[in-house]
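Notes to accompany the following structure.
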């Protein structure tokens, strides 16, 4: 298990995505867009472990502060999530 740097893992806001449901961001790995989207947020931590990514994001689009914990597989498909 290791912490990923911002160069290895980041998300970029998709402008105009707020029209349908929650705003979205696209996952970027090593400077390349993956085409996979997750709820918008600020990455607080990203950890790689075997074939999985554990991502912790915070957001500002809800009326209160929340942390989202996302477990993604190597294809960046959401496997599980929690919100605290």
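Residue numbers (my numbering): 1 to 84.
Glycine residues also receive a C-beta, built at the ideal position from the N, C-alpha and C atoms.
The distance from the Cβ of residue 58 to that of residue 51 is about 25 Å, inconsistent with a contact at the 8 Å cut-off. For residue 10 and residue 49, the gap between their C-alpha atoms comes out near 16 Å.
For residue 46, the number of other beta carbons within 10 angstroms of its own is at least 16, and it is reported as buried. Using a Cβ distance threshold of 9 Å, residue 36 and residue 75 count as a contacting pair.
Closest in C-alpha terms to residue 53, from the list 27, 12 and 22, comes 27. In the DSSP assignment, residue 9 falls within the beta strand (DSSP E) that extends over 9-13. If the five residues before and after residue 69 are omitted, its C-beta is found closer than 6 Å to the C-beta atoms of 56 and 82, all from its own chain and listed in chain order. By the C-beta density criterion, residue 38 is buried, having at least 16 other C-beta atoms within 10 angstroms.
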